[in-house]
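The numbering of the sequence shown is numbering that gives the first Met the number 0, which starts it at 0 and goes up by one.
Glycine included, C-beta positions come from ideal geometry on N, C-alpha and C.
Computed from a predicted model, the values in this text were never measured in an experiment.
Read the structure below first, then the notes.
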Amino acid sequence: MEDRWRREKEDAAAARDARADLFKELMNDIYFACQDAFDEDAEFTGKEIAIQIRKILKQHTNDV
0 MEDRWRREKE DAAAARDARA DLFKELMNDI YFACQDAFDE DAEFTGKEIA
50 IQIRKILKQH TNDV
(Lines of atoms letter the chains of each structure in order from A; the text may use other names.)
(Lines give C-alpha, C1' and ligand atoms only; values in the text may rest on other atoms or scores of the structure.)
Protein backbone atom coordinates (compact mmCIF):
# COMPACT_ATOMS: atom_id res chain seq x y z
CA MET A 0 0.00 0.00 0.00
CA GLU A 1 2.82 2.39 0.84
CA ASP A 2 4.53 1.67 -2.48
CA ARG A 3 1.34 2.45 -4.35
CA TRP A 4 0.92 5.71 -2.45
CA ARG A 5 4.53 6.69 -3.15
CA ARG A 6 4.18 5.86 -6.87
CA GLU A 7 0.98 7.88 -7.13
CA LYS A 8 2.64 10.80 -5.39
CA GLU A 9 5.67 10.59 -7.70
CA ASP A 10 3.42 10.33 -10.76
CA ALA A 11 1.45 13.38 -9.65
CA ALA A 12 4.68 15.34 -9.11
CA ALA A 13 5.97 14.33 -12.55
CA ALA A 14 2.69 15.38 -14.19
CA ARG A 15 2.79 18.71 -12.34
CA ASP A 16 6.38 19.31 -13.49
CA ALA A 17 5.47 18.43 -17.08
CA ARG A 18 2.56 20.92 -17.01
CA ALA A 19 4.82 23.60 -15.56
CA ASP A 20 7.39 23.01 -18.31
CA LEU A 21 4.69 23.14 -20.99
CA PHE A 22 3.32 26.38 -19.52
CA LYS A 23 6.78 27.96 -19.41
CA GLU A 24 7.42 26.97 -23.03
CA LEU A 25 4.03 28.36 -24.10
CA MET A 26 4.61 31.67 -22.31
CA ASN A 27 8.10 31.94 -23.81
CA ASP A 28 6.70 31.34 -27.31
CA ILE A 29 3.98 33.94 -26.76
CA TYR A 30 6.51 36.48 -25.47
CA PHE A 31 8.73 36.10 -28.53
CA ALA A 32 5.74 36.12 -30.90
CA CYS A 33 4.60 39.42 -29.36
CA GLN A 34 8.11 40.79 -29.62
CA ASP A 35 8.22 39.86 -33.32
CA ALA A 36 4.75 41.28 -33.99
CA PHE A 37 5.59 44.82 -32.94
CA ASP A 38 8.27 46.94 -34.59
CA GLU A 39 9.92 48.92 -31.84
CA ASP A 40 10.11 52.04 -34.02
CA ALA A 41 6.41 52.02 -34.89
CA GLU A 42 3.49 53.41 -32.92
CA PHE A 43 0.37 51.38 -32.22
CA THR A 44 -3.03 52.19 -30.82
CA GLY A 45 -4.39 50.22 -27.91
CA LYS A 46 -6.90 48.58 -30.25
CA GLU A 47 -4.15 47.45 -32.66
CA ILE A 48 -2.15 45.99 -29.79
CA ALA A 49 -5.18 44.16 -28.40
CA ILE A 50 -6.05 42.71 -31.82
CA GLN A 51 -2.50 41.53 -32.43
CA ILE A 52 -2.18 39.98 -28.96
CA ARG A 53 -5.53 38.19 -29.39
CA LYS A 54 -4.32 36.74 -32.70
CA ILE A 55 -1.07 35.55 -31.12
CA LEU A 56 -2.86 34.00 -28.13
CA LYS A 57 -5.37 32.28 -30.38
CA GLN A 58 -2.63 30.85 -32.59
CA HIS A 59 -0.46 29.63 -29.72
CA THR A 60 -3.26 28.18 -27.61
CA ASN A 61 -4.59 26.26 -30.63
CA ASP A 62 -1.13 24.70 -30.99
CA VAL A 63 -1.40 23.30 -27.46
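For residue i and residue j, which I take to be in contact (beta-carbon distance under 8 Å), what is that distance rounded to the nearest angstrom?
i: I55; j: I29; result: 6 Å
i: I52; j: C33; result: 6 Å
Ignore the nearest five residues each way along the sequence and tell me which others in residue i's own chain have a CB closer than 6 Å to its CB.
i: H59; result: D28, I29
With a CB to CB cut of under 7 Å and the five nearest residues on each side skipped, what residues in its chain are close to residue i?
i: F43; result: F37
i: R3; result: none
Indicate the three-state DSSP secondary structure (helix, strand or coil) for residue i in the structure shown.
i: E1; result: helix
i: T60; result: helix
- Query: Of all the alpha helix (DSSP H) runs that stay within the bounds of the stretch 1-42, which reach a length of 4 or more residues?
  - Reply: 1-36
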